[in-house]
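Below is one structure, written out as C-alpha cells; the observations come after it.
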Amino acid sequence: MKRYRVVQLDFDTRATVLDMEIGEDWEEPIKEMHRTNHSNIRAGIIFEFGAKESARKLADFMALGPAPFSVLAFHNKFFQQVRDAFVLGAYYPALTAACALGERILNHLVLTLRGSFRATDEFKKVAKKESFDDWKITIGVLRTWGVLLPGAAEAFERLRVIRHRVIHFSPATETNDRSFALDAIRQLSGVIEGQFSGRGPLPWFMHDVPGVTFVRKSFEEDAFVRAVVLPSCRLVGPLHEMRYEGGRLVVHDQHDYDNREVTDEDFARMAAERSTATNPEREVDQP
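By the count of this note's numbering, the sequence shown reaches residue 310 at its end, each step adding exactly one.
Now the structure itself:
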C-alpha cells in the first residue's frame with residue numbers, strides 16, 4: 024500500500040525570485056510582498072558574501088541561476104562550495120572544483136553500484152580500482168548499466184571536454200576563467216538536475232500528484248534509486264500528512280492501511296483525494 028516520498032531536498036531558488044519581474048496586473052499587496060522579498064534576498068546575499076564588490080557578487084549569483092532541486096547525496100556540500108567560490112570571484116578554483124566534483128560523482132556512483140552489476144562484462148573494467156580518472160570508461164559503464172539517464176550523461180560528456188581543457192595547459196583559461204567556470208557549473212547543474220533531482224520527469228518518480236514526489240513501486244529495487252534516492256525518502260501511506268515542526272518537515276502517518284498492493288495510479292489518486300479533502304484551496308501538500 025505504501026510508497027516512498029521524497030522529503031529531504033537541497034535547493035536555492037533565490038536567483039529565481041530576484042529575476043522575477045513585478046507584473047502590472049498584480050495586486051498592490053502582492054507587489055509589496057515581492058519588493059520586500061527581493062530586498063531581503065539581496066541583503067542576505069551581501070551579508071553572506073560580503074559588501075566589497077557586492078554589485079559584481081550579486082551579478083555572479085544571478086548568472087548561476089537557481090541551484091537545482093536535489094535529493095541529499097554525496098555532491099550537495101561540495102556543489103554549494105563550487106557555487107560560493109564563483110560568487111566570491113574565485114573563478115579558477117570554481118572551475119577546477121566543478122570538474123573535480125564531476126569526477127568524484129562518477130567515481131562514487133561506480134564504487135557504490137558496481138556490486139549490483141557483477142554479472143555484466145563492464146564489471147571487469149571497474150572491479151579492482153578504487154578510483155577512476157578516465158571519464159569515457161566510467162560514463163560508458165554507467166550508461167551501459169542503465170544508471171545514467173541520457174540528459175545527465177550528455178552533461179557529463181560536456182563537462183569532460185571542459186575538464187580536458189582545464190587540466191591541459193591553455194593560455195585561454197587565464198582570460199576566460201569566468202566563462203569557463205560558469206559553463207562548467209551549468210553542466211554540473213545539468214548532471215544534478217538530470218540524475219539527482221528530487222522532483223520532475225525522472226523515470227522513477229510518479230507524476231500523477233503535482234507538488235509531491237513519490238517513487239514508483241517498480242523502481243524501489245533499482246540499484247541507483249535504492250542507494251541514492253530512497254535515503255532521502257520516507258515510506259508513507261496515501262493518508263499521511265507533512266507538518267512543519269521545529270523548522271523542518273515531519274511525517275505524520277498513524278493510519279492503519281489494508282495489507283494489500285495498489286497500483287501507482289491508485290495510490291496517487293488516493294493521495295490526491297486526501298490532500299484535496301484536507302486542503303480544499305490547493306490540490307496537494309507542497310514538499
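A virtual CB, placed ideally from N, CA and C, is assigned to each residue, including glycine.
By alpha-carbon distance to Val-184, the top candidate from Lys-75, Gly-223 and Leu-211 is Leu-211. Where Tyr-280 is concerned, there is no enclosing alpha helix (DSSP H), because DSSP gives it neither an H nor an E. Non-local beta-carbon contacts of Tyr-280 in its own chain, meaning distances under 6 Å to residues more than five positions away in sequence, involve Met-24 and Gly-260 in chain order. When Arg-249, Asp-245, Cys-256 and Lys-240 are compared, the shortest CA-CA separation from Glu-284 is found for Lys-240. Counting only runs that start and end inside the stretch 50 to 123, the alpha helix (DSSP H) elements of at least 4 residues fall at 51 to 72, 77 to 87 and 99 to 110. Straight-line measurement puts the Cα of Ser-62 at about 11 Å from the Cα of Glu-55. In this structure, DSSP gives Met-43 a state outside helix and strand, which the three-state scheme calls coil.
Residue ranges of uninterrupted alpha helix (DSSP H) with 4 or more members, entirely inside the stretch 166 to 220 and ordered along the chain, are 173 to 190, 195 to 198 and 200 to 218. Selection Val-133, Leu-132 and Arg-106 evaluated against Ala-120 yields Arg-106 as nearest (Cα-Cα). For Phe-237, the beta-bridge partners assigned by DSSP are Arg-28. Contact check for Gln-218 against Leu-172 passes: the beta carbons are separated by less than 8 Å.
Straight-line measurement puts the Cα of Pro-224 at about 29 Å from the Cα of Phe-109.
Around the beta carbon of Glu-268, a 10 Å sphere encloses fewer than 16 other beta carbons of the protein chains shown; the residue is thus reported as exposed.
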